[in-house]
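Novice: Following this message is one structure expressed as structure tokens.
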Amino acid sequence: MARGLSDAGPRLITCIKATARAFDLGADWMNACADVALPMSRDTFGKPFDPISYDALSANNVKMNTIFTSPGLVLVGVSWSWAVALKLVRYEKHDPHDIASILRLGHRQRNVKWTRTLLEQWLVAMCSAMNYNSYTPYQMETTRQKMRHAIALAYQQNIYPPQPQRAIYAH
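And the structure:
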């Protein structure tokens with residue numbers, strides 16, 4: 155006996171579009187459309203393998219990044235490292251500010267002090283399927299410039315308004 159929906163993918167796309175119309179969101183508000191950033195790999199048997207999906211469906215990521223759950227449907231976001239890696243490739247529209255928001259989250263939650271070197275090391279370790287080691291020097295420098303820009307945005311927006319000071323009265 156088959157379980158689930160045979161047309162889950164098309165239904166989900168229809169729902170994403172309907173939600174975008176209903177709430178006046180951009181067409182790709184969920185970043186659900188495949189784009190130039192998606193790397194494909196091959197497993198040890200030579201079969202096509204989606205490293206992003208594999209990572210997103212890991213127990214830890216499902217626990218941390220489940221966005222929505224209902225009977226028969228669970229929406230899980232990609233890990234923060236993959237979100238940053240993919241947005242660095244595309245780097246248009248809201249991508250720089252999305253990356254900056256993710257970096258600020260890392261700073262707030264884990265006190266990470268982002269540098270270009272640290273960000274690059276994190277992505278190389280967590281997103282090896284991006285094959286950064288095969289980038290040309292020009293591609294790598296372009297990526298590093300995007301990293302620097304996103305980090306600058308993250309810390310630029312990390313300036314909070316001064317907190318009101320309590321009056322101190324001397325007797």
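Numbering (the working numbering), first residue to last: 155 to 325. Using N, Cα and C, we set each Cβ at its ideal position, and we do this for glycine too.
Grouping DSSP H, G and I as helix and E and B as strand, with all else coil, what is Leu166?
Specialist: Locating residue 166 in the sequence shown gives position 12, counting from the first residue. Reduced to three states, the DSSP call for Leu166 is helix.
Novice: Between Met184 and Ile206, which are expected to be in contact by the criterion C-beta below 8 Å, what is the C-beta distance as a whole number of angstroms?
Specialist: Position 30 of the sequence shown, counting from 1, holds the residue named residue 184. Position 52 of the sequence shown, counting from 1, holds the residue named residue 206. About 14 Å; that fails the 8 Å criterion.
Novice: Between the beta-carbon of Val230 and the beta-carbon of Thr220, is there less than 8 Å?
Specialist: Residue mapping note: residue 230 aligns to position 76 of the sequence shown, counting from 1. Residue mapping note: residue 220 aligns to position 66 of the sequence shown, counting from 1. Taking 8 Å as the Cβ cut-off, Val230 and Thr220 qualify as a contacting pair.
Novice: Are Lys267 and Ile253 closer than 8 Å when you measure CB to CB?
Specialist: Start at 1 with the first residue of the sequence shown, and residue 267 comes out as number 113. Start at 1 with the first residue of the sequence shown, and residue 253 comes out as number 99. No.
Novice: To the nearest angstrom, how far is it from the Cα of Gly163 to the Cα of Leu227?
Specialist: Position 9 of the sequence shown holds residue 163. Position 73 of the sequence shown holds residue 227. About 11 Å.
Novice: Which term fits Leu211, buried or exposed, when burial requires 16 or more other beta carbons within 10 angstroms of its beta carbon?
Specialist: Position 57 of the sequence shown, counted from the first residue, corresponds to residue 211. Result: exposed.
Novice: Inspect the beta-carbon positions of Val278 and Tyr289 and report whether they are closer than 8 Å.
Specialist: One-based indexing of the sequence shown puts residue 278 at position 124. One-based indexing of the sequence shown puts residue 289 at position 135. No, Cβ-Cβ distance for Val278 and Tyr289 is not below 8 Å.
Novice: Alpha carbon to alpha carbon, how far is Asp209 from Gln317? Give it in angstroms, no decimals.
Specialist: For this step, residue 317 is matched to residue 163 along the sequence shown. For this step, residue 209 is matched to residue 55 along the sequence shown. Because the pLDDT at Gln317 is just 45, under 50, the model does not fix this residue reliably, and the value given afterwards should be weighed accordingly. Looking at the two C-alpha atoms, the distance is approximately 41 Å.
Novice: Could you tell me how far apart the beta carbons of Pro257 and Ala304 are, in whole angstroms, since I believe they sit closer than 8 Å?
Specialist: Looking up residue 257 in the sequence shown gives position 103. Looking up residue 304 in the sequence shown gives position 150. The sequence shown places Leu at residue 257, rather than the Pro named in the question. Sure, about 6 Å apart at Cβ, within 8 Å.
Novice: Within a Cβ cutoff of 6 Å, which residues of the same chain sit near Val216, ignoring the five residues on either side of it in sequence?
Specialist: Start at 1 with the first residue of the sequence shown, and residue 216 comes out as number 62. For Val216, where only same-chain residues beyond five positions count, the Cβ hits under 6 Å are Val230.
Novice: State the Cα-Cα distance for the pair Ala156 and Ala174, rounded to the nearest angstrom.
Specialist: As a first step, residue 156 is located in the sequence shown; it is residue number 2 there, counting from the start. As a first step, residue 174 is located in the sequence shown; it is residue number 20 there, counting from the start. Because the pLDDT at Ala156 is just 48, under 50, the model does not fix this residue reliably, and the point stays unresolved.
Novice: Taking only the alpha-carbon atoms, compute the straight-line gap between Gln263 and Thr223 and give it to the nearest angstrom.
Specialist: Here residue 263 refers to the residue found at position 109 of the sequence shown. Here residue 223 refers to the residue found at position 69 of the sequence shown. Approximately 24 Å, taken between the alpha carbons.
Novice: Based on Cα-Cα distance, which residue from Ala176, Ala308, Ser195 and Trp234 lies nearest to Met218?
Specialist: The residue labelled residue 218 in the question sits at position 64 within the sequence shown. The shortest Cα separation from Met218 among Ala176, Ala308, Ser195 and Trp234 belongs to Trp234.
Novice: Hey, could you find the ends of the alpha helix (DSSP H) Thr296 is sitting in?
Specialist: Locating residue 296 in the sequence shown gives position 142, where the first residue counts as 1. Element bounds for Thr296: Pro291 to Gln310.
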